[in-house]
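Take the sequence shown: its position 27, counting from 1, is numbered 866 in this note's numbering, and each next residue is one higher.
Only one structure is covered here, and it is reproduced in the block below.
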Amino acid sequence: PSEWQVPPQCIPIHANVTTYKWAQLYEHTTFDVIMMDPPWQLATANPTRGVSLGYSQLTDADIANLPVPQLQRNGFLFIWVINAKYKWTLDLFDRWGYTVVDEVVWCKMTVNRRLAKSHGYYLQHAKEVCLVGKRGDDP
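Below, the structure is given as structure tokens:
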């Protein structure tokens with residue numbers, strides 16, 4: 840899209856990750872940094888609480904089956920995670936062979952510098968968390 844620019848030496852993948860031909864990619868290259876913002880599956884398909892999403896979601900199995908270990912031998916993995924999937928994502932890092940080394944917390948603000956409260960199941964959230972994992976040697 841014209842509203843964002845890809846930095847030099849980056850390879851954005853804008854595709855259906857459940858049907859993408861990953862082997863064609865990881866047979867030829869690996870990545871120093873991978874950033875993921877999965878469309879997490881919420882607890883209910885038709886919520887009566889929280890927010891209703893206007894896009895398709897991935898199941899935990901869909902996300903766990905992504906070939907991230909084949910795409911990266913040494914480097915950093917960033918995954919934006921929702922509160923309900925925080926522990927699950929920590930376990931996923933371990934299954935994929937990563938050590939969690941940090942997290943990035945984005946506190947959302949309005950243009951008037953007030954907390955921008957968004958939807959949550961019980962509370963309105965004003966933050967998002969990105970877990971940072973490391974695998975192998977520094978790139």
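Where is the CB? At the ideal position from N, CA and C, for every residue including glycine.
| said: Using a 10 Å radius around the Cβ and a threshold of 16 neighbouring Cβ atoms, would you call tryptophan 843 buried or exposed? | reply: Its Cβ having fewer than 16 others within 10 Å, tryptophan 843 is exposed.
| request: Tell me whether tryptophan 945 is buried or exposed, calling it buried when 16 or more other Cβ atoms sit within 10 Å of its Cβ. | output: Counting every other CB atom within 10 Å of its CB across the protein chains shown gives tryptophan 945 a total below 16, marking it as exposed.
| Contained alpha helix (DSSP H) runs [length at least 4] in the stretch 841 to 889, N- to C-terminal order | 862 to 865
| query | By DSSP, does arginine 974 sit in helix, in strand, or in coil? | reply | strand
| task | Give, in chain order, every unbroken run of the alpha helix (DSSP H) that is at least 4 residues long and sits entirely within the stretch 899 to 955. | result | 899 to 903, 907 to 910, 925 to 934
| request: Could you round the C-beta distance between glycine 975 and arginine 912 to whole angstroms and report it? I think they count as a contact, below 8 Å. | output: 5 Å
| query | DSSP beta-bridge partners for histidine 964? | reply | Ser957
| task | Can you give me the Cβ contacts of isoleucine 873 inside the same chain, cut-off strictly under 6 Å, excluding the 5 residues immediately before and after it? | result | Around isoleucine 873: Gln911, Leu916.
| Cα-Cα separation, threonine 857 to isoleucine 902 | 9 Å
| In its own chain, which residues sit with a C-beta less than 8 Å from the C-beta of valine 971, not counting the 5 before and 5 after it? | Phe915, Leu916, Phe917, Val939, Val940, Asp941, Glu942, Val943
| request: Give the straight-line distance between the Cα atoms of threonine 949 and glutamine 963, rounded to the nearest whole angstrom. | output: 14 Å
| request: Return the residue from the list Arg953, Ser895, Ala900, Leu881 that minimises the CA-CA distance to alanine 923. | output: Relative to alanine 923, the option among Arg953, Ser895, Ala900, Leu881 whose CA is nearest is Leu881.
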